[in-house]
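Quick mapping for you: the protein sequence lines, in order, are chains X and H. Residue numbering for the first sequence follows my numbering, beginning at 20 and increasing consecutively. Residue numbering for the second sequence follows my numbering, beginning at 275 and increasing consecutively. Virtual Cβ for every residue (Gly too), placed ideally from N, Cα, C. Before any comments, here is the structure.
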Amino acid sequence: KDYTLAIHGGAGVILKENMTDKRESAYRKSLSKSLGLGGQMLEEGYSALDAVQFVVMALENDPKFNAGKGAVFSAAGKNELDAAIMDGRDRNAGAVSSVTTIKNPIVLARAVMENSRHVMFQGQGAEDFAKEHGIEQVDPKYFYTKRRYDQMKRKVKANKVKKHSFLDTAETKYG
Amino acid sequence: TVGAVAKDGCGNLAAATSTGGLTGKEFGRVGDTPIIGAGTYADNRYCAVSATGTGEFFIRAGVARDICSRREYLGESIAQSSNHVIHKTLTDMKGDGGVVAIDEQGNYSFAFNTPGMYRGANKGGKTLIEIFD
Numbered sequence: 020k021d022y023t024l025a026i027h028g029g030a031g032v033i034l035k036e037n038m039t040d041k042r043e044s045a046y047r048k049s050l051s052k053s054l055g056l057g058g059q060m061l062e063e064g065y066s067a068l069d070a071v072q073f074v075v076m077a078l079e080n081d082p083k084f085n086a087g088k089g090a091v092f093s094a095a096g097k098n099e100l101d102a103a104i105m106d107g108r109d110r111n112a113g114a115v116s117s118v119t120t121i122k123n124p125i126v127l128a129r130a131v132m133e134n135s136r137h138v139m140f141q142g143q144g145a146e147d148f149a150k151e152h153g154i155e156q157v158d159p160k161y162f163y164t165k166r167r168y169d170q171m172k173r174k175v176k177a178n179k180v181k182k183h184s185f186l187d188t189a190e191t192k193y194g
Numbered sequence: 275t276v277g278a279v280a281k282d283g284c285g286n287l288a289a290a291t292s293t294g295g296l297t298g299k300e301f302g303r304v305g306d307t308p309i310i311g312a313g314t315y316a317d318n319r320y321c322a323v324s325a326t327g328t329g330e331f332f333i334r335a336g337v338a339r340d341i342c343s344r345r346e347y348l349g350e351s352i353a354q355s356s357n358h359v360i361h362k363t364l365t366d367m368k369g370d371g372g373v374v375a376i377d378e379q380g381n382y383s384f385a386f387n388t389p390g391m392y393r394g395a396n397k398g399g400k401t402l403i404e405i406f407d
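Quick look at the structure:
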């Protein structure tokens, strides 16, 4: 029982008035499921590293959160994903950025940490490394959700009107 | 952005963060998540941190490593260090977002300067889930 796990699903302009009971309970349910998964792993003696990886994978697979499936779109209409993992035992770390076909970027980040002499791979290099190491790749369409695509369209339209500022309001700031 | 920090039964710490970035971001833009020391950091001696927010500010402030450094050099608690870095260092730069952080004793802290952060904790089976400030 001597374990602790803390998780987040993103911060931002999350306003009570925008949050329906149904939506709030859906988010709470997802957070509770991830906490339960991670807690059970730690209870069964899995490492902190395994627990954080699998908890983040669960959240990446949940389209409500801005990571993996359900990620926000770039202005070019693409999902460019980033992830990192770090082991407190020896401060070893792995990170990937701007990947577009990796189903669970946190899995690739861990492979970089454990199977390469580098800390970070980006873009095509990261995708090639994934292929060499059998990390699951998907068609970029896998990440699509209408909600996020519509958010991007609104944002791009708004930015045409006024100078681009990523310090915008509403949840588009964090996707 | 999603993230997790954990202390296991052997006293080891770890941190993990994953994101799609910012809606409407420019091609090739990378935020703090994959930058070790900005959005993700873990050191068994002091703390593990996972961040979410406007990445540009977290990179410039080196948020995740700074929270650990305040514990290392000033001996602050995880609550003191994470709250200082979010509510002073980051806020003074006009940055916004939040962190989940944990120390080597298994104490955890949520610190954020936005109206809400999806967050939860499980300490030895006792769980807590919050969304709003």
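query, result
"Using a Cβ-Cβ distance cut-off of 7 Å, determine whether G29(X) contacts chain H.", "yes"
"If you count every other CB in all the chains shown that lies within 10 Å of the CB of R393(H), and 16 or more means buried, which is it?", "buried"
"Could you tell me the alpha carbon to alpha carbon distance between Q36(X) and E133(X), rounded to whole angstroms?", "Before going on, a small fix: residue 36(X) reads as Glu here, not Gln. Rounded to the nearest angstrom, the two C-alpha atoms are 45 Å apart."
"With burial defined as no fewer than 16 other Cβ atoms inside 10 Å of the residue's Cβ, what is the status of R344(H): buried or exposed?", "buried"
"DSSP beta-bridge partners for H27(X)?", "G277(H) and R393(H)"
"Give the interface partners of S51(X) over in chain H, defined as CB-CB distance under 9 Å, in chain order.", "G394, T401 and I403"
"Assuming contact is defined by CB atoms lying nearer than 7 Å, are A322(H) and G107(X) in contact in what I supplied?", "yes"
"Given that a residue counts as buried once 16 or more other Cβ atoms are within 10 Å of its Cβ, and exposed if not, what is V276(H)?", "buried"
"Using the beta-carbon of each residue, which ones in chain X are nearer than 8 Å to S355(H)?", "Going along chain X, no residue has its Cβ under 8 Å from S355(H), so there is no contact; the nearest lies around 15 Å."
"Could you tell me whether any Cβ in chain X is nearer than 7 Å to the Cβ of K397(H)?", "yes"
"Got a sec: is the Cβ-Cβ distance from Y315(H) to anything in chain X below 7 Å?", "yes"
"Counting only runs that start and end within the region 77 to 135 of chain X, where is the beta strand (DSSP E) found for 3 or more residues in a row?", "100 to 106 and 111 to 118"
"According to the neighbour-count rule (16 or more other Cβ atoms, all chains shown, within 10 Å of its Cβ), is F301(H) buried or exposed?", "exposed"
"What in chain H is Cβ-close to G87(X), meaning under 7 Å?", "S292"
"DSSP three-state call for A316(H): helix, strand or coil?", "strand"
"Starting from G57(X), find everything on chain H with Cβ-Cβ shorter than 9 Å and list it in chain order.", "A278, A280 and N396"
"For a contact meaning CB atoms closer than 7 Å, what does D101(X) contact in chain H?", "T293, G295, V304, G305, T307 and P308"
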